[in-house]
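Notes for the one structure printed next.
In structure tokens:
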């Protein structure tokens, strides 16, 4: 979670954008807003963007796309102000930006043969997240392995096929949920340290085979430069 010391091979920063439908993302990617954001309005602007990126990045960004499942969120109390569609904040290049939310994820490594059973287990669970103080949104993300485009590479075996993503107003809200009754009830059958509730099941006489090839991996982020619609995520 510390961007100054983290050496995660997948990167220490992640830009995360939720679209209502894939067609809306495709329309944005083909429009002027995308070109402007990526320095493509002119040759000079594009070159400037590439040079600036090379000075601060250790490697090229790695795009990944997901289908969002089981989405739930609350209406935001307020929406951050934007200027021309982007946040107007002061960044001095020396200090990291303050956290505006806390994001708890679980990475799941589910073989394709178990995908339907994995999704069914999550779909039939009882969620109490909306009743928790500080909850913002939850998504179960399924990797879109068919996505194509510039910079997109085939998914490696070391990458998760599913990722649960729970956004909280702050770290304190997450810690409050984690130490509360809702967490204990949701995890009395299976334990997940990052959140996103795992369904409690009655223990059968013969324990079922695990649905993933290795245990889930929790990952945490501090969110900054948050942009949201009036309806929330």
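Numbering (our numbering), first residue to last: 11 to 243. From the three backbone atoms N, C-alpha and C, an ideal C-beta is built for every residue, glycine too.
Given residue i, which residues of its chain have a CB within under 6 Å of its CB, disregarding the five upstream and five downstream residues?
i: residue 184; result: 112, 114, 178
i: residue 118; result: 170, 172, 222, 226
i: residue 209; result: Note on residue 209: pLDDT 47, under 50, position unreliable in the model; the coordinate value appears next. Excluding residues within five positions, the ones whose Cβ falls inside 6 Å are 131, 135.
i: residue 128; result: 120, 221
i: residue 233; result: 110, 111, 113
i: residue 138; result: 192
Residues in its own chain within less than 8 Å of residue i by CB, not counting five upstream and five downstream?
i: residue 90; result: 97, 110, 236, 237, 238
i: residue 240; result: 85, 86, 89
On the three-state DSSP scale, how would you describe residue i?
i: residue 26; result: coil
i: residue 116; result: strand
i: residue 96; result: strand
i: residue 210; result: Since pLDDT at residue 210 reaches only 48, below the 50 mark, its modelled position is unreliable, and the value read off the structure follows with that caveat. DSSP places residue 210 in coil when its eight states are reduced to three.
i: residue 189; result: coil
i: residue 135; result: coil
i: residue 77; result: strand
Starting from residue i, follow its DSSP beta bridges and name the residues at the other end.
i: residue 82; result: 148
i: residue 228; result: 116
i: residue 176; result: 114, 148
i: residue 272; result: Because the chain is modelled from 11 through 243, residue 272 falls outside the range shown and cannot be assessed.
i: residue 161; result: Bridge partners of residue 161: none, in fact.
i: residue 41; result: DSSP, once it has assigned bridges, lists no residue as partnering residue 41.
Quick one: what's got a C-beta closer than 7 Å to residue i's C-beta in the same chain, skipping five residues either side?
i: residue 2; result: Outside the shown range of the chain (11 to 243) lies residue 2, about which nothing can therefore be said.
i: residue 124; result: 221
What is the C-beta distance between residue i and residue j, in whole angstroms, given that I count them as a contact (C-beta under 8 Å)?
i: residue 162; j: residue 71; result: With 8 Å as the limit, residue 162 and residue 71 do not qualify as a contact, their Cβ atoms being about 11 Å apart.
i: residue 144; j: residue 103; result: That pair is no contact at about 31 Å.
i: residue 116; j: residue 174; result: 5 Å
i: residue 95; j: residue 40; result: Contact doesn't hold; Cβ gap of about 16 Å is too wide.
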